[in-house]
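Take a look at the structure set out below.
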Amino acid sequence: MSGDTSSFIQLKNIILSASPLNIPLSDIELGLSNIEEDDKTEDSNSIGESNSTNSNNSNIYSTIKKTTTILFDAGEFLEQKQLKTNYIDKYISEEKESYLQNMVKYLEKIVDEKEENKIFNAIVIYWSQSKHKHYLSEKSIKSKEIIFKFYMYLLLKLNESQRNLLINAILNSLRFPCVQTMSYSLLLQELFFEIKNEEIKEHILNNLLERLLYKPLPWGIKYTMVNLYKKEKFCKIIKPFVETYKLNEILQKIVNNCKENDLKNFVLENI
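Letter by letter, the sequence shown follows residues 504 to 774 in our numbering.
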């Protein structure tokens, strides 16, 4: 990994680690100390049963109810790019895969990398601003299925470069304890376990581990990694990647970089 890349990720972590003054420390401690072990029935592959993680996070979610005020109007930006009304909103209202197929074809025609980056970040933010934003809410099972299928389709159908932008856009939403962070954390965990493509699993894991290498570490990134790492299923999946990405060394760096005793003690027990 080049020095330029490491500096960029570190700068990104500095920005994404910023937290509002009204977020109490107890919320952060709660998020790290109340992570529970998953049931061993988690091996089911259906979307409905994949929500076992949801119940394990329900106590945290009920406490972290703050939402982020985002000044950027993602909907207006996506409308300008002919993505909002033509594809995303129609998919939400009609749930037809054909809209996603056409959207992927449209995205493939974009050649400006900076524009691509803005678009994928806007897509993630738009879902945070839409009526389907509460992925963890027990009252929004239908919304969860719509969001899950949307992101699963894009991960499977986008080319590698655009998939990388999408994954990083989701990781950019893992910030301080709030509804958006918790929703995208759960979404990313479920996508990781449900997706069958090993190359995409590796892509998600690689991007997540990169964020853990440089302090400060955003709370949402640490929270997501700990939730993943505590699952027996995850430990089996990552074995092929341990040597390649030197996972133990990365986890040791987490211990050295963070202040939360709960996270330190947990990691030390597992490396």
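No residue lacks a Cβ here, since even glycine has one placed at the ideal position from N, Cα and C.
Rounded to whole angstroms, the gap between the alpha carbons of Asp592 and Lys736 is 35 Å. By the neighbour-count criterion, in which a residue is buried when 16 or more other Cβ atoms sit within 10 angstroms of its Cβ, Lys725 is buried. Nearest C-alpha to Phe651 among Glu705, Glu713 and Tyr594: Tyr594. In the assembly as shown, Val729 is a buried residue. Its beta-carbon has 16 or more other beta-carbons within 10 Å. Distance check between Trp722 and each of Lys734, Met685, Phe696 and Ile707 places Met685 closest, using alpha-carbon atoms only. Of all alpha-carbon atoms in Phe695, Tyr717, Glu611 and Tyr654, the one lying nearest the alpha-carbon of Trp630 is that of Tyr654.
Your pair Leu658 and Ile703 checks out as a contact, with CB atoms roughly 6 Å apart and the cut at 8 Å.
Assignment of beta strand (DSSP E) within the region 571-620, counting only whole runs of 3 or more residues, yields no such run. Boundaries of the alpha helix (DSSP H) around Ser646: Ile644 to Lys660. When secondary structure is reduced to three states using DSSP, Leu677 falls in the coil class, being assigned neither helix nor strand.
In this structure, DSSP gives Asn667 a helical state, which the three-state scheme calls helix. Non-local beta-carbon contacts of Gln604 in its own chain, meaning distances under 8 Å to residues more than five positions away in sequence, involve Lys660 in chain order. Between Asn620 and Leu586, the gap from beta carbon to beta carbon reaches 8 Å or more.
The alpha-carbon of His706 is positioned some 13 Å away from that of Gln692. Ile698: not part of any alpha helix (DSSP H); DSSP gives it neither H nor E. Burial state of Val627 is buried, judged by a 10 Å Cβ sphere holding 16 or more other Cβ atoms. Secondary structure note for Tyr732: its alpha helix (DSSP H) is the uninterrupted segment Trp722 to Tyr732. Within a 10 Å sphere around the beta-carbon of Ser688 sit 16 or more other beta-carbons, which makes this residue buried. Contact annotation: Leu708 and Ile673 have beta-carbon atoms that are not nearer than 8 Å. The three-state reading of DSSP puts Ser688 in helix, counting H, G and I together.
Counting other Cβ atoms within 10 Å of its Cβ, Gln665 reaches 16 or more and is therefore classed as buried.
Lys599 and Gln683 have their alpha carbons spaced roughly 25 Å apart. Nearest C-alpha to Asn589 among Ala577, Asp576, Phe575 and Tyr609: Tyr609.
A direct Cα-Cα distance of roughly 30 Å separates Ile644 from Arg714.
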